[in-house]
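Quick note, the sequences are listed as chains A and B, same order.
Reminder that position 25 of the first sequence reads as 1283 in the numbering used here, one-by-one numbering, no gaps.
Reminder that position 155 of the second sequence reads as 362 in the numbering used here, one-by-one numbering, no gaps.
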Amino acid sequence: MSKATRQRSARERLREERRRQSARARLMRRVYMSLGAAVVIAAIVVTGVLVQSHRQASGSGQLVLPKGLSSASSGISVSQAQFRRDLGAAAPKPSATPAGDAPVLDLYEDFQCPVCERFEQTSGVTVQKLAAEGEVKVVYHPIAIIDERSVRSGAAAGCALDAGKFPKYHDVLYANQPSEQSGTGFTESDLKGFGKRAGLSGAAFDKCVDSMKYGQWVKASTEAASKRGVNGTPSAYLDGKPLPIQTLMDPNALTQAITSASAKS
Amino acid sequence: MASEISSFHRVQPWVTTLARAGLAVVLGWAAIAKMGDPAAAARAVRAYRILPESLVHTVGYGLPFLEIALALLLLVGLGTRLSGAVSAVLFVVFIAGIASVWARGISIDCGCFGGGGAVASGDTHYLREILRDVGLLALASWVAVLPSSRLALDGLIAGGEETEGEETDGGEDGGVGPDASEGARPGMATEMRGTR
């Protein structure tokens, strides 16, 4: 091998070595970049989880249950007597079904939900009449899955329950449901005004609405509903079994489901 | 040499840049929408009935932040391959979750399901959502497999020598950032000095 050839292969080896080193350096830079990105992701996620958990924990006020409720998931039972009183002359004759045999209808509703409003319009009276007859026992669960105004209206309904006027107030709220697009409605003054329409008056109800006394209850009730399997509103369970929304929205199908449920027990 | 760089190699970095931007917008938007109501996010996770109750809150709270982190990294082009890959995995998980509730007949969108959307029947939107996520998965996969792009921090940090998946010589590259030519020069200069 000539000297020139030896020098050329030495230079080539050097070039090769430099190329290998720079390739290694490139690889290491890419590894560090990926590691850096991974660290950024982990940091943001962990911070986020901690921040949100803290917000949830500190945002919860004291849990106060409206009158007569034993737990956040128990819902509002309306008696046959109250349904009869509210229907007045329109109340059908009590049926022959013994009181103990009537199936329980758990109704999960959001006061802002338009589909719930449609349910109340189509099947609401049917439910009230069947309950007044004694064919079914109705338990209302106001939950808040839409936004803050759902919490406020649900809490106000709890205040109405305290005053013994839940069913009327419930109906007034649905009759005056704000449109989804409006972004307004169900303000504190709206909710207090509806109280008057339902026959509620006095400082106690107003104070209850303003202070959002039952706000925590609505949130806890919503969480309990979610755990039970409620994914949307309106949702219903007849004697603990989920009732399809199609049945719920059809008064005839609903009546059939209820009467066959009481026949079975 | 420009003639050796095929038109694919000229266009590819821009496609990846656009894919990065698109993913960043979609992920960022979805994340911000969920951050305002962590309780609702947790309920949404629970509705799928896949994770155990103990994980529902952590995932509900954390998922939007994972999305925003990915969105930010994709936006600035830092750790592009990794962000693309993690996003792709995320979309696979979403597709699997939707397919699972669809197969089990669980209605996630009957009536009002938070966020105010009123849907009368459950089924049809599942297919639409899966197709949407398949599209996003395609974007994320492209970014993960071909991460070189323009307007990316990766390009600055790597000194313009990013040649992901390419076998090119020395400093010549498929194109990353303004430093592409800068990075090549020092190497060439030393080589020239070495030959004197």
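Here a beta-carbon is modelled for each residue, glycine too, at the ideal position from N, C-alpha and C.
It should be emphasised that the depicted structure is a prediction, and the values quoted were computed from it without experimental measurement.
Roughly how many whole angstroms lie between the Cα atoms of residue i and residue j?
| i | j | result |
| --- | --- | --- |
| B/Cys319 | A/Phe1424 | 22 angstroms |
| A/Ser1316 | B/Phe215 | 55 angstroms |
| A/Tyr1398 | A/Gly1473 | 16 angstroms |
| A/Leu1431 | B/Ser294 | 44 angstroms |
| A/Ser1479 | A/Arg1486 | 10 angstroms |
| A/Cys1466 | B/Leu277 | 44 angstroms |
| A/Lys1426 | A/Ala1456 | 6 angstroms |
| A/Ala1461 | A/Ala1421 | 12 angstroms |
| B/Leu289 | B/Asp361 | 11 angstroms |
| A/Pro1324 | A/Thr1442 | 26 angstroms |
| B/Asp340 | A/Arg1271 | 51 angstroms |
| A/Gly1346 | A/Ala1415 | 22 angstroms |
| B/Ile257 | B/Leu270 | 15 angstroms |
| A/Asp1530 | A/Ser1469 | Lying before the first or after the last residue shown, residue 1530 of chain A is absent from chain A, which here runs from 1259 to 1523. |
| A/Ala1482 | A/Ala1519 | 25 angstroms |
| A/Arg1284 | B/Ser355 | 14 angstroms |
| A/Lys1477 | A/Ser1332 | 13 angstroms |
| A/Ala1400 | A/Lys1471 | Position check: residue 1400 of chain A holds Pro in this sequence, whereas Ala was assumed. Their Cα atoms are separated by approximately 15 angstroms. |
| A/Glu1446 | A/Arg1410 | 8 angstroms |
| A/Gln1320 | A/Arg1287 | 53 angstroms |
| B/Ala359 | B/Leu353 | 13 angstroms |
| B/Arg253 | B/Ser314 | 13 angstroms |
| B/Ile281 | B/Val233 | Here residue 281 of chain B turns out to be Leu, not Ile, going by the sequence shown. Looking at the two C-alpha atoms, the distance is approximately 11 angstroms. |
| A/Glu1393 | A/Val1336 | 13 angstroms |
| A/Ile1503 | B/Ala248 | 23 angstroms |
| B/Gly323 | B/Leu334 | Per-residue confidence for B/Gly323 stands at a pLDDT of 43, beneath the threshold of 50, marking its modelled position as unreliable; no derived number is given. |
| A/Val1307 | B/Tyr268 | 5 angstroms |
| B/Val283 | A/Ala1300 | 17 angstroms |
| B/Leu296 | A/Thr1263 | The sequence given here has Val at residue 296 of chain B, not Leu. Distance between the alpha carbons of B/Val296 and A/Thr1263 is about 54 angstroms. |
| B/Val300 | A/Arg1276 | 44 angstroms |
| A/Glu1406 | A/Ser1437 | 15 angstroms |
Sorted by chain position, which residues of the same chain lie with C-beta nearer than 7 angstroms to residue i's C-beta, five sequence neighbours on each side aside?
| i | result |
| --- | --- |
| B/Trp221 | Arg357 |
| B/Ile337 | Ile302, Ile305 and Ala306 |
| A/Leu1506 | Phe1377, Ser1381, Pro1492, Ala1494 and Leu1512 |
| A/Leu1501 | Ala1494, Tyr1495 and Ala1515 |
| A/Leu1419 | Pro1324, Lys1325 and Ile1334 |
| A/Gln1314 | none |
Suppose the cutoff is 8 angstroms on Cβ atoms and the five residues either side in sequence are ignored; what does the same chain contact list for residue i look like?
| i | result |
| --- | --- |
| A/Asp1464 | Lys1450 and Gly1453 |
| A/Thr1384 | Pro1509, Leu1512 and Thr1513 |
| A/Ala1330 | Leu1321, Leu1323, Trp1475, Ala1478, Ser1479, Glu1481 and Ala1482 |
| B/Ala292 | Ala347 and Ala351 |
Which residues does DSSP pair with residue i in a beta bridge?
| i | result |
| --- | --- |
| A/Thr1491 | B/Cys319 |
| A/Lys1395 | A/Val1362 |
| A/Lys1499 | A/Leu1496 |
| A/Glu1367 | A/Pro1400 |
| A/Val1336 | A/Val1396 |
Ignore the nearest five residues each way along the sequence and tell me which others in residue i's own chain have a CB closer than 6 angstroms to its CB.
| i | result |
| --- | --- |
| B/Thr375 | Below a pLDDT of 50, predicted positions are generally treated as unreliable, and B/Thr375, at 36, falls in that range; no measurement from the model is reported. |
| B/Ala226 | Leu346, Trp349 and Val350 |
| A/Phe1341 | Gln1386, Ala1389 and Ala1390 |
| A/Ser1260 | none |
| A/Ala1413 | Met1470, Tyr1472, Gly1473 and Val1476 |
| A/Ile1404 | Asp1368 and Gln1370 |
| B/Tyr255 | Gly304 and Val308 |
Quick check: is any heavy atom of the ligand ATP less than 6 angstroms from the C-beta of residue i?
| i | result |
| --- | --- |
| A/Phe1369 | Of ligands this structure carries none, so the ligand ATP is not represented either. |
Can you pull the chain E residues whose beta carbon is under 8 angstroms from the beta carbon of residue i, in chain order?
| i | result |
| --- | --- |
| B/Ala246 | The structure shown contains no chain E; its protein chains are A and B. |
For the region 276-297 of chain B, list every residue whose C-beta sits within 9 angstroms of some C-beta in chain A, in sequence order.
Ala276, Leu277, Leu279, Leu280, Leu285, Gly286, Thr287, Arg288, Leu289, Ser290 and Val293
Stretch-stretch touch, CB-based, cutoff 8 angstroms, three pairs: the region 1513-1523 of chain A with the region 251-263 of chain B
no
Taking contact to mean 3 or more Cβ pairs, one atom from each stretch, closer than 8 angstroms, check whether the region 1492-1501 of chain A and the region 1361-1371 of chain A are in contact.
With the cut-off at 8 angstroms, the region 1492-1501 of chain A and the region 1361-1371 of chain A touch.
Which residues, in chain order, does the region 1288-1299 of chain A contribute to contact with chain B at a C-beta distance below 7 angstroms?
Arg1288, Met1291, Ser1292, Gly1294, Ala1295, Ala1296, Val1298 and Ile1299
Within 9 angstroms of chain B by C-beta, residues of the region 1298-1313 of chain A in sequence order:
Val1298, Ile1299, Ala1300, Ala1301, Ile1302, Val1303, Val1304, Thr1305, Gly1306, Val1307, Leu1308, Val1309, Gln1310, Ser1311 and Arg1313
Along the region 253-268 of chain B, what residues have a CB closer than 7 angstroms to any CB found in chain A?
Arg253, Ala254, Thr265 and Tyr268
Whether or not the region 222-232 of chain B and the region 1280-1298 of chain A are in contact is what I'm after, with contact meaning three or more pairs of Cβ atoms, one per stretch, closer than 8 angstroms; do they touch?
The region 1280-1298 of chain A, when compared against the region 222-232 of chain B, does not touch it at the 8 angstroms Cβ threshold.
Quick check: the region 236-245 of chain B against the region 272-286 of chain B, are at least 3 beta-carbon pairs closer than 8 angstroms?
Contact holds: three or more Cβ-Cβ distances are below 8 angstroms.
So if I threshold CB-CB distances at 9 angstroms, which residues from the region 1453-1477 of chain A count as touching chain B?
Taking 9 angstroms as the Cβ-Cβ cut-off against chain B, the residues of the region 1453-1477 of chain A that qualify are Lys1477.
For the region 216-240 of chain B, enumerate the residues whose C-beta is nearer than 9 angstroms to any C-beta of chain A, in chain order.
none
The region 1354-1376 of chain A: which residues have C-beta closer than 8 angstroms to a C-beta of chain B, in chain order?
Asp1368, Gln1370, Cys1371, Pro1372, Val1373 and Cys1374
Short of 9 angstroms Cβ to Cβ, which residues in the region 1321-1339 of chain A face chain B?
none
According to a CB-to-CB cut-off of less than 8 angstroms, which residues of the region 1383-1410 of chain A neighbour chain B?
Ile1403, Ile1404 and Asp1405
According to a CB-to-CB cut-off of less than 8 angstroms, which residues of the region 338-363 of chain B neighbour chain A?
Asp361
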